[in-house]
Amino acid sequence: MRKFCILFALAIVFNSCSAHKSTISSSKARKNNKAIQKRNQAAIAAHRNMSSLEYIERFKAIAIQEMNTYGIPASITLAQGLFESGAGNSDLAVAANNHFGIKCGSTWNGSSYYKDDDNTNDCFRVYDNPEDSYRDHSEFLKKKNYARLFELDKNDFKGWAYGLKAAGYATNPKYPQLLLNIIVKYNLDQYDRPEGEMAKIKREDRVLDQINSNIGVAQQDTITKTSPDDKIYTVKQGDTLYNISKRFGITVDELKALNRMGDSGIRIGQKLVVVK
């Protein structure tokens, strides 16, 4: 699970969370959760436990929509939803509409729900509906440490499974295998779609530009550091200095200076230093 931490300031029952350690008492956590459950009592009462196949049928369309918008394989999104939410039947999914176990973090301004996880009474986000949870899952991944995943083909579910773990999404060392087993068991890759080269470049540039606009905003879930191999990028067909610079959050002039380039010409297979 993501390494978010919290500081609870209870002025009203519905609050936002930030900081690094959970300081809420168990009694306040229970009071808060009861208020959330009361607010969502109609949906909770109407909930019927779903099978994995029913869950897939219910959420495959939005997983495909998010894939087409951001490039996250639909199979990965569905596998994570199945695993994190117990096919939509977990307490967090039923009471808080949180299907991906996303914690509050310092930027969350919505309602909160408390459960023991990495710490006692960890703070989790509450959504109005499951669809909001799916959209926030995509937005959650638009961070610097996940940026390289968006350069993968949008049907490269294996790359995403291992990349999520490497980037710090989960602490479970078997997380990639867990996702891949779910994908294979339910044939979830049938919902993944390839994309053309130019469509991929446009999608990468759009998403990476959004990620770069968030650089400088403190994130609590990054547990990896840049390794020497991460400082080098191999030029691919369709690359320009401009889109490479956007991917790595530097200017074209900085990229040229790092590589002692006199002009903007690059060639496929060329190795570029991309980290200052």
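Positions -21 to -1, 1 to 255 (mature numbering (1 follows the signal peptide of the UniProt record, and there is no 0)) are the ones given, in order, by the sequence shown. Glycine included, each C-beta is placed from N, C-alpha and C at the ideal position. Just so you know, these numbers come straight off a predicted model, no measurement behind them.
Under the criterion of beta carbons closer than 8 Å, Lys179 and Asp111 do not qualify as touching, at roughly 27 Å. Counting only residues of its own chain and dropping the five nearest sequence neighbours on each side, Ser54 has a CB closer than 7 Å to the CB of Phe136, Ile162, Leu167, Asp168, Tyr170, Asp171.
For Ala145 and Asn28, the gap between their C-alpha atoms comes out near 33 Å. From the listed residues Ile23, Asp184, Ile51, Leu237, the smallest Cα separation to Arg114 is found for Ile51.
Secondary structure at Val252: strand, using DSSP grouped into helix, strand and coil.
DSSP, read as helix, strand or coil, puts Ser4 in coil. DSSP links Asp101 through a beta bridge to Lys94.
Apart from the 5 residues on each side of it in sequence, Asn76 sits with its Cβ closer than 6 Å to the Cβ of Tyr106, Asn108, Pro109, Ser112 in its chain, given in chain order.
Thr48 carries a helical assignment under DSSP once its states are collapsed to helix, strand and coil. Looking at Gln44, Lys122, Ile223, Arg246, the one whose alpha-carbon comes closest to that of Thr86 is Lys122. Its chain contains Gly50 as the residues whose beta carbon lies nearer than 6 Å to that of Arg182, once the 5 sequence neighbours on both sides are disregarded; these appear in chain order.
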